[in-house]
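Working notes for the structure below.
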Amino acid sequence: MSDIDPSIGLYVEETRELLGELERGLLELESNPGDTERVDACFRAMHTIKGGGAMFGFDEISRFTHDVETVLDRVRSGELPITRELLSLTLAAKDHILVLLEAPRDTAVDELRQASDVLLAAFAAYLPNGTAGHAQPALDQPAAGAATDDNPYACPAQSGPPGIYWVRLRPSATMLHTGNDPVRLLAELDTLGMVRVLRHGPLPALDDSDYDPEAVYGVFDLLVCTPCSAESLRDVFIFVEGDSEVSLTRIHTGLLRGSDLDELLATLVGQDEATIDAAQQRLEAHVAAKVAAIDVAKKKVQARTGPTEGEPAARPQPTAAATLRVDAGRLDSLVSMVGELVILQSRLRQAAKAKDIDAVAEVDEDLERLTDTLRDVALGLRMLPIGSVFSQFTRLTRDLSASLGKEVEFVAVGGETELDKTVIDRMKDPLVHLLRNSLDHGLEPPQERLANGKPACGRITLSAMHSAGNVVIVIADDGRGIDLSVVRRKAMERGLIAPDAEPTEKELFDCIFKPGFSTAATVSDVSGRGVGMDVVKRNIEALRGTVELESVLGQGARVTIRLPLTLAIIDGFNVMVGGDSYIVPLANLRGFQERFVNEVVRTVETLERMGELVPVVSLRRLFAVPGQQPVYERVVITETEGETVGFCVDRVIGRQQAVIKSLDDCYRHLKWISGTTINGDGSISLILDVPQLVRFVRSREETRLQATDPSRTLVQ
Amino acid sequence: MAQDAQFGSQRFLTLTLGEELFAIDIFSVREILDYTDITRIPQTPEYMRGVVNVRGNAVPVVDLRMKFGLGRVERTLNTRIVIVEIKKDDTLSVMGALADSVKEVLELETDRIDPPPRMGAAVRADFIRGIGKHGDRFLLVLDVDKVFSSDEIQDLSRLADTDAEAKPVPQPAETVSDEEFFR
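Those protein sequences? They're chains A and B, same order as listed. Take 2 as the starting number for the first sequence in our numbering and just add one per residue. Take 4 as the starting number for the second sequence in our numbering and just add one per residue.
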């Protein structure tokens, strides 16, 4: 898609957005069918897609969308009621348009066209008169329903399938003298059916001396697809038959698409002098080939769509959009700030020239303020409301619940919450997974729910909100919840916990995130294979987020995901250990304490904090920092996943905004480093990933303690 | 470059590691930096000296001497960090090589580069592309892509793990010599 016209790229991008809007609109219509504004919006989206499709050469989209638009127009004018079936069909149409949009042009065209025709046939039932309007389906049998009872063409209705006729008109040169006009003939023919015309044969240049403006030159080859009889076609030529040569042959019984007719006509180019028989043979051979190709493509489509054509089998993965829509207001403020920056620069130059240190200090102050806002606005450009993803989930739950035979009400709250685009893109898969889990394992079938005194319709809530520099996403369902005794048994079977251990609830929930863990008795096609929750957790942690699971047996489960607002910058405290400089993210920081050391330091010790003993880790020992152990140390108290852990450092430098630079791939095994940042003096600090660091310390301690004293653990 | 290798001559940057003279293809070299403070990354093998700031990016630095078992590069006036570009699974990645000194850029006739000896060279044979002669000195032509994409550098996890198992509690005493560098 890189080497195409940029305006086409724009169309593709715009259509993708329109399709997203359309989907949202349709889903809302499902819950609120009376919303006429929504219908209007859907219609407008369809209309824009169609118009653009024709303009940018997506003919198939334009052809396909035409009938869908007609149906929506009827809904809009109140002729058609909104039904679930119609919405399902329109959603399927939306998916199909997306397929058409993403399909590489020229490939597998026939197959896609057949898929269009299958859908169009379904839409035909909603069209006025039940015919497929302008878009002629290529199905050999008349379109579903009574196709011919109201004929749009000006001829007596004919029983039986329509036919394709080949007309060769070799007008006499003096045709115009007798008051006839080939153009009129064509116009009349046009009222009888779909007509494609090829004019060929010699045509002298307009300024030739022997050019006679009153003569008719050349040969007309016409293909007419019409339900009318051959006689009514012949009637058109009744006045010219005497002096012009007219031949009329039925070459095919059944319908063909306009574009197919064009192709067939193209085979006649240059055949203007050929005899009727030769040309007819040629044409018939091509018709046979075309029909065979259509049959093959049709079989392919039917095999893929299957007999029940409700849910598209393989919905294409939407490709991540490389462009981003930005609120114009944000861009404006960015531009005005750049203007301010230019002014500041000239002020700085003047102050530097005059060696006026006070003025320089002033500029510095202004610059600091400007940089701060500039940073916020620039990061804001990448922020998108998470609602765009939520609407996809509405669709997902709708389709899934139907296939699982469960009733579910899906509620999405806080769609306007903004998140970094990268985070949103990368959260999609984990959220899909969690939703599937809720639907498949969490919610009970309606009978079971009723038996338990719950409403038959289950409820899944997806909410997003801001909370203390994080975005919190919660997925909650009111299903059967997680049976901890089953979790415990499975965990023991898999050796995740010791047989005699008394794990806490939290530890059991943690097991669910271990690789390969699944409590599902049966594996369904939706979930249950035990791959997933560990991947979900990993994905979320890769975004520097956390995930927690809570559940009450019989009442439902709830997954809470916390994500940082952006991936590019974090707020943190810079701390020093010997010559090493580390950044502790503010999100994990709970406070500072101090300690005096006078004997040998162990890597992990304990310290009293607010009446409780918390484990403290000597970073100096852990990281083997060279240098002398100081007597006085600062302790950075952090909290992660409900655990409080202190880290001993030599000095606390102060709060710092760290622009995250990722570390080279060769350090990828160091999970507890989430990146590096360049300080003002050009030195480099390592940004600590506190949850990973705690995990790392714990695993290290466990290996060490197993060798020595098994009674002591890091936490508790 | 591939064509150059078959006929004609190629340009190399020569550098020293201890007593040995090495050459690397000039096309792999992005720039040469004076020694700056290297930020140590804990729990990595000693020859991974850490990262340096190259115009806002943290670039890993490998002590080639240690990597080849020729002792350790100490900081002197001549110490340089050669920033090289290496191909790693189709992506270009940037690494720094710590060298005792960088000498000159010289041209070597391709046919004057002999295949590496089976044994007896200061460095593992698969890191060497060949042996060239310049004046009366021999130089080892390094295969930069191989040196820097070797498992010991690109897959530190294994080494670090075995390291951790061998001594679960780090021994600060072992790395005391680092101190000089970070003061």
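All residues carry an ideal CB built from backbone N, CA and C; glycine is no exception.
Can you find the residues in the same chain that come closer than 6 Å, C-beta to C-beta, to residue i, ignoring five residues on each side of it along the sequence?
i, result
"Val241 of chain A", "Asn181"
"Ala314 of chain A", "Here the model assigns Ala314 of chain A a pLDDT of 38, short of 50, so the residue's position is not dependable, and the following value carries that caveat. There are no such residues."
"Glu600 of chain A", "none"
"Ser173 of chain A", "Asp244, Ser245"
"Arg78 of chain B", "Tyr38"
"Lys106 of chain B", "Thr17"
"Glu410 of chain A", "Cys458, Arg460"
Nearest CA to the CA of residue i: which residue from the options?
i, options, result
"Trp167 of chain A", "A:Phe124, A:Leu234, A:Thr37", "A:Leu234"
"Ser152 of chain B", "B:Glu88, B:Glu112, B:Val108, B:Arg140", "B:Glu88"
"Gln448 of chain A", "A:Arg427, A:Ser464, A:Arg481, A:Ile425", "A:Arg481"
"Arg427 of chain A", "A:Gln272, A:Leu544, A:Arg171, A:Ala267", "A:Leu544"
"Val196 of chain A", "A:Leu224, A:Asp441, A:Ala55", "A:Leu224"
"Arg283 of chain A", "A:Leu266, A:Ala298, A:Asp296", "A:Leu266"
"Thr641 of chain A", "A:Gly612, A:Gln556, A:Ser675, A:Gly546", "A:Gly546"
"Leu671 of chain A", "B:Ser12, B:Thr39, B:Val32, B:Thr47", "B:Thr47"
"Glu103 of chain A", "A:Gly53, A:Val13, A:Asp365, A:Pro34", "A:Val13"
"Val62 of chain B", "A:Gly676, A:Leu706, A:Gln707, A:Asp690", "A:Gly676"
"Ile476 of chain A", "A:Gly443, A:Glu61, A:Val343", "A:Gly443"
"Lys455 of chain A", "A:Glu494, A:Leu463, A:Ile498, A:Asp479", "A:Asp479"
"Ala360 of chain A", "A:Glu369, A:Arg348, A:Arg370", "A:Arg348"
"Glu341 of chain A", "A:Ala352, A:Gln351, A:Ala329, A:Leu368", "A:Leu368"
"Phe597 of chain A", "A:Glu22, A:Ile98, A:Val617, A:Lys515", "A:Val617"
"Ile35 of chain B", "B:Ala128, B:Arg58, B:Gln13, B:Arg115", "B:Arg58"
"Val473 of chain A", "A:Thr561, A:Ala502, A:Thr505", "A:Thr561"
"Asp441 of chain A", "A:Lys429, A:Gly406, A:Leu121, A:Ala452", "A:Gly406"
"Glu503 of chain A", "A:Lys515, A:Leu485, A:Phe514, A:Pro516", "A:Leu485"
Taking the CB atoms as reference points, tell me whether residue i and residue j lie closer together than 8 Å.
i, j, result
"Leu436 of chain A", "Phe391 of chain A", "no"
"Pro203 of chain A", "Gly219 of chain A", "yes"
"Arg563 of chain A", "Phe593 of chain A", "no"
"Cys229 of chain A", "Ile165 of chain A", "no"
"Val412 of chain A", "Arg460 of chain A", "yes"
"Asp421 of chain A", "Met384 of chain A", "yes"
"Lys95 of chain A", "Glu29 of chain A", "no"
"Val126 of chain B", "Leu111 of chain B", "no"
"Gly573 of chain A", "Ile688 of chain A", "yes"
"Val97 of chain B", "Arg33 of chain B", "yes"
"Gly628 of chain A", "Asn56 of chain B", "no"
"Asp41 of chain A", "Arg77 of chain A", "yes"
So, for residue i: in the same chain, excluding its five sequence neighbours on each side, which residues have a beta-carbon less than 7 Å away from its beta-carbon?
i, result
"Leu694 of chain A", "Trp673"
"His287 of chain A", "Leu265, Thr268"
"Arg701 of chain A", "none"
"Leu623 of chain A", "Thr604, Val698"
"Thr704 of chain A", "none"
"Gly11 of chain B", "Thr113"
"Tyr50 of chain B", "Val65, Asp66, Met69, Lys70"
"Pro118 of chain B", "Gly133"
Buried or exposed: where does residue i fall if 16 or more other Cβ atoms within 10 Å of its Cβ makes it buried?
i, result
"Glu38 of chain A", "exposed"
"Val1 of chain A", "In the structure as shown, chain A begins at 2 and stops at 717. Residue 1 of chain A is therefore absent and cannot be evaluated."
"Ser404 of chain A", "exposed"
"His253 of chain A", "buried"
"Tyr212 of chain A", "exposed"
"Lys70 of chain B", "buried"
"Ala293 of chain A", "exposed"
"Thr71 of chain A", "buried"
"Tyr633 of chain A", "exposed"
"Glu417 of chain A", "exposed"
If you drop the 5 nearest sequence neighbours on each side, which residues of the same chain put their C-beta closer than 8 Å to that of residue i?
i, result
"Phe141 of chain B", "Leu24, Ile134, Gly135"
"Leu325 of chain A", "Leu382, Arg383, Leu385, Lys422"
"Gly271 of chain A", "His201"
"Pro692 of chain A", "Glu542, Thr547, Asn589, Thr641, Glu642"
"Leu371 of chain A", "Met338, Glu341, Leu342, Leu345"
Complete alpha helix (DSSP H) runs within the stretch 480–515 of chain A (minimum length 4 residues, chain order)
Scanning the stretch 480–515 of chain A for uninterrupted alpha helix (DSSP H) segments of 4 residues or longer gives 485–494, 506–513, listed from N- to C-terminal end.
In chain order, what are the residue ranges of uninterrupted beta strand (DSSP E) at least 3 long that sit wholly in the stretch 23–108 of chain B?
23–28, 32–37, 51–57, 60–66, 83–91, 94–102
Q | Residue ranges of each alpha helix (DSSP H) within the stretch 215–256 of chain A, 4 or longer | A | Counting whole runs of 4 or more residues, the stretch 215–256 of chain A contains the alpha helix (DSSP H) stretches 231–237.
**Item:** Contained alpha helix (DSSP H) runs [length at least 4] in the stretch 431–463 of chain A, N- to C-terminal order
**Value:** 447–452
* To do: Enumerate, from N- to C-terminal direction, the unbroken alpha helix (DSSP H) stretches of 4 or more residues contained entirely within the stretch 171–223 of chain A.
  => Here the runs fully enclosed are 183–191.
Where are the beta strand (DSSP E) runs, 3 residues long or more, that stay fully inside the stretch 590–643 of chain A, in chain order?
Taking only runs of at least 3 residues, the beta strand (DSSP E) segments lying wholly in the stretch 590–643 of chain A are 590–597, 605–610, 613–619, 633–641.
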